[in-house]
């Protein structure tokens, strides 16, 4: 298969591109594990996200993060249950996207994963078969920097081995992350859930 002549590499986000967004039932499972009232899922999600950035950036341990969410320290057993339910929300993948990426992989185009993710989730994602498609997988907790921090993009660009950022396509479901990539000279695709658009951007036309 012929490599796309306009690209030297691609940098891919995980959640919202490769990974599926959590369902309401998955959110409810996590909230119930945390003993949060069923009628206040919005409040739970607000607490969940309030400390997520420093957690994703490796600045908080699992225990410290969940203590902030819950307002008190969970015991070891509850922490384990929370980590399991949290991780389970993020490991579902879009098979249509993976089918595109398998075809891209066969062209030899380097693909680097750049994901905002805490250490525990990163370790689990590293065990999945689709990781074999990636030249390298980079996670914010290990980099100690979350997108849209420029240093995260610099690490990913270096991992691609490409010299010209304009010939590297950055794919993310968040517009602010894409804008940050463009400001550093990368080409960016704001992914909105249409695998055909991703296919057109990454694969050569007949």
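Numbering (my numbering), first residue to last: 1161 to 1366. Where is the CB? At the ideal position from N, CA and C, for every residue including glycine. Keep in mind that this is a model prediction, so the values were computed, not measured.
To which residues of the same chain is residue i closer than 7 angstroms at the C-beta, ignoring the five residues directly before and after it?
i: residue 1213; result: 1306
i: residue 1261; result: 1271 and 1293
i: residue 1211; result: 1220, 1225, 1228 and 1229
i: residue 1184; result: none
i: residue 1208; result: 1229
i: residue 1201; result: 1187, 1188 and 1191
State buried or exposed for residue i, treating a residue as buried only when at least 16 other CB atoms are found within 10 Å of its CB.
i: residue 1235; result: exposed
i: residue 1251; result: exposed
i: residue 1173; result: buried
i: residue 1232; result: exposed
i: residue 1196; result: buried
i: residue 1175; result: buried
i: residue 1325; result: buried
i: residue 1310; result: exposed
i: residue 1335; result: exposed
i: residue 1366; result: Residue placement at residue 1366 cannot be trusted, given a pLDDT of 48 that sits under 50; the coordinates are not used to answer.
Less than 7 angstroms between the beta carbons of residue i and residue j, yes or no?
i: residue 1217; j: residue 1300; result: yes
i: residue 1238; j: residue 1222; result: no
i: residue 1361; j: residue 1346; result: no
i: residue 1117; j: residue 1316; result: Nothing in the structure corresponds to residue 1117, since the chain is present only between 1161 and 1366.
i: residue 1313; j: residue 1344; result: yes
i: residue 1295; j: residue 1179; result: no
i: residue 1329; j: residue 1290; result: no
i: residue 1167; j: residue 1327; result: yes
Residues in the same chain with beta-carbon distance under 6 angstroms from residue i, minus the five sequence neighbours each way, listed in chain order, please.
i: residue 1359; result: 1260
i: residue 1186; result: 1249
i: residue 1337; result: 1307 and 1308
Within a Cβ cutoff of 8 angstroms, which residues of the same chain sit near residue i, ignoring the five residues on either side of it in sequence?
i: residue 1298; result: 1272, 1273, 1274, 1275, 1312, 1315, 1316 and 1319
i: residue 1331; result: 1170, 1171, 1172, 1173, 1177, 1348, 1349, 1351, 1358 and 1361
i: residue 1355; result: 1254, 1256, 1257, 1259 and 1260
i: residue 1241; result: 1193
i: residue 1302; result: 1218, 1279 and 1282
i: residue 1288; result: 1251 and 1253
Legend entry - Cβ contact (3+ pairs, closer than 8 angstroms) linking the segment 1268 to 1286 and the segment 1239 to 1250: Yes, since at least three Cβ pairs between the segment 1268 to 1286 and the segment 1239 to 1250 fall closer than 8 angstroms, the two stretches touch.
Inset, instruction - Output the residue ranges of the alpha helix (DSSP H) runs that lie fully inside the segment 1292 to 1350 and measure 4 residues or longer, sorted by chain position. - result: Entirely contained in the segment 1292 to 1350, the alpha helix (DSSP H) runs reaching 4 residues are, in chain order, 1300 to 1303, 1310 to 1320 and 1335 to 1343.
Legend entry - Sequence ranges, alpha helix (DSSP H) only - wholly within the segment 1206 to 1248, length at least 4: Here the runs fully enclosed are 1212 to 1216, 1222 to 1230 and 1236 to 1248.
Legend entry - Whole beta strand (DSSP E) elements within the segment 1168 to 1197, 3-residue minimum: 1169 to 1172, all fully within the segment 1168 to 1197.
Legend entry - Continuous alpha helix (DSSP H) assignments of at least 4 residues falling wholly in the segment 1254 to 1296: Fully enclosed alpha helix (DSSP H) runs of no fewer than 4 residues occupy 1255 to 1267 and 1279 to 1285 of the segment 1254 to 1296, in order along the chain.
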